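J.:
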Amino acid sequence: MSKGPGLFSDIGKKAKDLLTKDYISDQKLSVSTYSYSGVALTSTAVKKGGLSTGDVAAQYKYKNTLFDVKVDTESNVSTTLTVTDIVPSTKTIASLKYPDYSSGKVEIHYFHQHATLTTAVGLKQSPAVDLSVTLGTPTFALGAEAGYETASGTLTKYTAGISVTKPESSASIILGDKGDTIKASYVHHLDQLKRSTAVAEITRRFSTNENTFTVGGSYAVDALTIVKMRLNNHGSLGTLLQHEVIPKSVLTISSEFDTKALDKTPRFGVALALKP
Numbered sequence: 003m004s005k006g007p008g009l010f011s012d013i014g015k016k017a018k019d020l021l022t023k024d025y026i027s028d029q030k031l032s033v034s035t036y037s038y039s040g041v042a043l044t045s046t047a048v049k050k051g052g053l054s055t056g057d058v059a060a061q062y063k064y065k066n067t068l069f070d071v072k073v074d075t076e077s078n079v080s081t082t083l084t085v086t087d088i089v090p091s092t093k094t095i096a097s098l099k100y101p102d103y104s105s106g107k108v109e110i111h112y113f114h115q116h117a118t119l120t121t122a123v124g125l126k127q128s129p130a131v132d133l134s135v136t137l138g139t140p141t142f143a144l145g146a147e148a149g150y151e152t153a154s155g156t157l158t159k160y161t162a163g164i165s166v167t168k169p170e171s172s173a174s175i176i177l178g179d180k181g182d183t184i185k186a187s188y189v190h191h192l193d194q195l196k197r198s199t200a201v202a203e204i205t206r207r208f209s210t211n212e213n214t215f216t217v218g219g220s221y222a223v224d225a226l227t228i229v230k231m232r233l234n235n236h237g238s239l240g241t242l243l244q245h246e247v248i249p250k251s252v253l254t255i256s257s258e259f260d261t262k263a264l265d266k267t268p269r270f271g272v273a274l275a276l277k278p
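Residues in the sequence shown are numbered consecutively from 3, following our numbering.
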């Protein structure tokens with residue numbers, strides 16, 4: 003596929019991942035295995051509060067086709083079929099969930115050197131339709147997305163964004179929630195190897211006249227260990243330690259404190275992902 007501006011969902015993704023990815027408040031264990039036929043199996047157990055859940059997922063890839071199926075402890079079955087290049091420079095994704103068939107949808111992504119287009123249509127009688135367009139290059143991208151509910155004939159969402167990406171930094175501005183919020187973020191790599199990264203994000207909600215300012219970053223202590231931190235103006239402090247205990251198997255320990263109410267019990271989370 004052509005190397006273009008990327009999907010609209012990529013705008014602001016680097017900052018979002020630094021501030022939210024792998025921060026957890028529950029206990030999670032996942033174990034992955036691979037068969038000789040090329041099927042990848044992953045079993046996951048999660049304990050949140052006094053509730054325990056789990057699922058088993060299988061993934062199989064053959065040429066340009068990827069098939070995923072997941073079964074959880076509530077008897078939900080989710081399947082996803084991804085096919086690349088049915089038509090050149092496209093990716094088609096079909097998903098279906100049992101017993102909630104109404105959540106199924108078909109997505110088509112089209113990639114061009116200077117544009118990407120995505121459309122998603124729900125698999126029901128009066129489906130919801132999502133559409134996004136991104137124009138530009140890998141360095142500069144401008145895009146918008148909208149959602150339309152055919153049953154009511156109304157727009158369910160519309161969002162616009164812009165991003166500038168350089169080897170050492172990236173910045174983005176997103177106008178979302180039907181124009182009610184604006185979010186600006188900036189990511190900067192502090193060294194050439196990108197072992198140290200700083201991020202800042204500010205969100206303004208016009209309807210409530212509320213501002214949220216968050217700073218954070220990540221640092222690779224060594225080849226096996228990463229530490230992350232985030233702090234916002236409301237006093238929420240999050241910390242994370244991620245260590246590769248054995249090759250491909252990662253232990254993540256996360257915590258979150260309210261610095262304005264230290265008498266409250268902090269939230270802790272632990273995740274262990276074992277892979278062969």
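We treat Cβ as the ideally placed atom computed from N, Cα and C, and that holds for glycine. Quick caveat: nothing in here was measured; it's all calculated off a predicted structure.
What number of angstroms, rounded off, separates the C-alpha of A200 from the C-alpha of S187?
T.: Looking up residue 200 in the sequence shown gives position 198. Looking up residue 187 in the sequence shown gives position 185. One C-alpha to the other measures close to 11 Å.
J.: Less than 6 Å between C-beta atoms, sequence neighbours within five positions excluded: which residues of the same chain meet that for V73?
T.: Counting from one through the sequence shown, the residue named residue 73 turns up at place 71. Cβ within range, chain order: V58, V79.
J.: Should the stretch 27 to 42 be regarded as contacting the stretch 60 to 72, the criterion being three or more beta carbon pairs within less than 8 Å?
T.: A contact exists between the stretch 27 to 42 and the stretch 60 to 72.
J.: Identify which residue in K262, N66, T136 has its Cα closest to the Cα of N234.
T.: In the sequence shown, the residue the question calls residue 234 occupies position 232. For the residues K262, N66, T136, the minimum Cα distance to N234 belongs to K262.
J.: Hey, would you say I95 sits closer than 8 Å to T81, going by beta carbons?
T.: Within the sequence shown, the letter at position 93 stands for residue 95. Within the sequence shown, the letter at position 79 stands for residue 81. No. Outside cutoff.
J.: Which one of A225, P140, T92, K30 has the shortest CA to CA distance from K50?
T.: The residue labelled residue 50 in the question sits at position 48 within the sequence shown. Looking at the Cα atoms, K30 is the closest of the given residues.
J.: Please list, in chain order, all residues of the same chain as V229 whose beta carbon is under 8 Å from its beta carbon, the five residues on each side excluded.
T.: For this step, residue 229 is matched to residue 227 along the sequence shown. Only S220, Y221, V223, T241, L242, L243, Q244 meet the Cβ criterion.
J.: Assuming the contact rule is C-beta atoms closer than 8 Å, G218 and P7 should be a hit. Round their C-beta distance to whole Å, please.
T.: What you label residue 218 is simply residue 216 of the sequence shown in a count that begins at 1. What you label residue 7 is simply residue 5 of the sequence shown in a count that begins at 1. Wrong, their Cβ atoms sit about 26 Å apart, outside the cutoff.
J.: Quick one: residues in its chain with C-beta nearer than 6 Å to the C-beta of E170, no 5 flanking neighbours on either side, listed in chain order?
T.: Along the sequence shown, one-based indexing puts residue 170 at 168. Cβ neighbours of E170 beyond the five flanking positions: H191.
J.: Hey, how far is the Cα of T2 from the Cα of S105?
T.: The shown model of the chain, from 3 to 278, leaves out residue 2, and the question about it has no answer.
J.: Quick check on Y103: does DSSP put it in helix, strand or coil?
T.: Position 101 of the sequence shown, counting from 1, holds the residue named residue 103. DSSP places Y103 in helix when its eight states are reduced to three.
J.: Might you give, ordered along the chain, the residues of its own chain that have their beta carbon closer than 7 Å to the beta carbon of S4, omitting 5 neighbours on each side?
T.: Within the sequence shown, numbered from 1, the residue matching residue 4 stands at position 2. Note that S4 has pLDDT 49, beneath the 50 cutoff, so the model's placement of it is unreliable and the number below is only indicative. Closer than 7 Å at Cβ, skipping near neighbours: S91, F113, H114, Q115.
J.: I need the boundaries of the beta strand (DSSP E) containing K72, first residue and last residue.
T.: For this step, residue 72 is matched to residue 70 along the sequence shown. Run containing K72: 67 to 74, per the beta strand (DSSP E) assignment.
J.: Apart from the five residues just before and just after V247, which ones in its own chain have a Cβ nearer than 6 Å to its Cβ?
T.: In the sequence shown, counting from the first residue as 1, residue 247 sits at position 245. The residues are L253.
J.: Do the CB positions of I26 and A225 come within less than 8 Å of each other?
T.: Position 24 of the sequence shown, counted from the first residue, corresponds to residue 26. Position 223 of the sequence shown, counted from the first residue, corresponds to residue 225. Not in contact: I26 and A225 (Cβ atoms no closer than 8 Å).
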